[in-house]
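> My structure is below; once you've seen it, I'll send some questions.
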Amino acid sequence: MNLKEELLNLIRTLNAAHLQYAVCGGLAMTIHGFVRSTIDIDLLVPEDQLQQVLKTVETAGFWIPSGRMPFRAKTPMAMDIYRVSKAQGTELIPLDLIVVSEGLQKVWESREFYEVDGVICPVVSRSGLIQMKTIAGRPQDLVDIARLTDGE
Numbered sequence: 014m015n016l017k018e019e020l021l022n023l024i025r026t027l028n029a030a031h032l033q034y035a036v037c038g039g040l041a042m043t044i045h046g047f048v049r050s051t052i053d054i055d056l057l058v059p060e061d062q063l064q065q066v067l068k069t070v071e072t073a074g075f076w077i078p079s080g081r082m083p084f085r086a087k088t089p090m091a092m093d094i095y096r097v098s099k100a101q102g103t104e105l106i107p108l109d110l111i112v113v114s115e116g117l118q119k120v121w122e123s124r125e126f127y128e129v130d131g132v133i134c135p136v137v138s139r140s141g142l143i144q145m146k147t148i149a150g151r152p153q154d155l156v157d158i159a160r161l162t163d164g165e
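Residue numbering for the sequence shown follows our numbering, starting at 14 and increasing by one per position.
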């Protein structure tokens with residue numbers, strides 16, 4: 014499976030269903046011009062559309078649920094992440110749906126639209142990526158923050 018093709022298929026599927034989302038994570042870094050490897054697809058999704066997004070991505074083959082994964086629970090930066098995956102043979106592509114929480118509202122509002130291989134794609138802004146990566150705080154996130162900040 015090709016991660017870029019899977020992303021484009023998801024974008025087309027979600028756009029056709031008129032659902033709101035924004036690409037975030039490693040693929041958003043790439044769309045912003047900071048190429049780096051990643052093994053999953055991350056989408057920011059409004060809570061009121063989560064169930065419809067889950068049903069819609071199932072039609073694109075993302076049907077293996079891992080369920081809800083709370084992140085930074087009971088903090089102002091709490092996030093709920095819902096993971097579903099697509100499998101083909103021994104290959105697995107995780108799709109993380111990150112629910113727009115109060116702490117991510119400004120990130121959501123600052124999303125931008127890019128054309129990716131002829132498909133219009135909402136993407137978390139650079140400042141939004143910096144905010145999300147600051148919340149996550151993992152080693153790769155800190156590297157990404159430095160790249161995003163130096164690239165401004």
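We treat Cβ as the ideally placed atom computed from N, Cα and C, and that holds for glycine.
Can you give me the C-alpha to C-alpha distance between residue 60 and residue 92, rounded to a whole angstrom?
Indexing the sequence shown from 1 puts residue 60 at position 47. Indexing the sequence shown from 1 puts residue 92 at position 79. Approximately 11 angstroms between the Cα atoms of the pair.
> Taking the DSSP output, what are the residues bridged to residue 106?
Working through the sequence shown from its first residue, we reach residue 106 at position 93. 99, per the DSSP bridge assignment.
> Can you tell me whether residue 132 is buried or exposed? The criterion is at least 16 other CB atoms within 10 Å of its CB, across all chains shown.
For the purposes of this step, residue 132 is taken as the residue at position 119 of the sequence shown. It counts as exposed.
> Quick check: the stretch 48 to 67 against the stretch 27 to 39, are there 3 or more CB pairs under 8 angstroms?
Touching, yes.
> Do the stretch 101 to 113 and the stretch 123 to 132 touch if we need at least three Cβ pairs shorter than 8 angstroms?
Verdict: no, contact absent.
> Taking the runs of the beta strand (DSSP E) that are 3 residues or longer, which of them lie wholly in the stretch 34 to 63?
The stretch 34 to 63 contains these whole beta strand (DSSP E) runs: 35 to 37 and 54 to 58.
> Have a look at the DSSP bridge pairing and note the partners of residue 80.
Residue 80 sits at position 67 when you count from the first residue of the sequence shown. Per DSSP, 96.
> Which residue marks the beginning of the beta strand (DSSP E) containing residue 136, and which one marks its end?
Locating residue 136 in the sequence shown gives position 123, where the first residue counts as 1. Residues 132 to 136.
> Pick out whichever of 145, 150 and 18 has its Cα sitting closest to the Cα of residue 120.
Residue mapping note: residue 120 aligns to position 107 of the sequence shown, counting from 1. Measuring from the Cα of residue 120, the nearest candidate turns out to be 145.
> Residue 150: buried (16+ other C-beta within 10 angstroms of its C-beta) or exposed?
Locating residue 150 in the sequence shown gives position 137, counting from the first residue. Exposed, since its Cβ has fewer than 16 Cβ neighbours within 10 Å.
> With distance defined between alpha-carbon atoms, name the residue in 35, 24 and 123 nearest to residue 69.
The sequence position of residue 69 within the sequence shown is 56, counting from 1. Ranking the options by Cα distance to residue 69, first place goes to 24.
> If you measure from the beta carbon of residue 66 to each beta carbon in chain C, is any gap under 7 angstroms?
Protein chains in the displayed structure number just one, and chain C is not present.
> Provide the residue span of the beta strand (DSSP E) that contains residue 129, from first to last.
Here residue 129 refers to the residue found at position 116 when the sequence shown is read from its first residue. Element bounds for residue 129: 125 to 129.
> Quick one: what's residue 120 bridged to in DSSP?
If you number the sequence shown from 1, residue 120 lands on position 107. According to DSSP, residue 120 bridges with nothing at all.
> Among the candidates 81, 98, 32 and 134, whose CA atom is the shortest distance from the CA of residue 58?
In the sequence shown, residue 58 corresponds to position 45, counting from 1. Minimum Cα distance to residue 58 is reached at 32.
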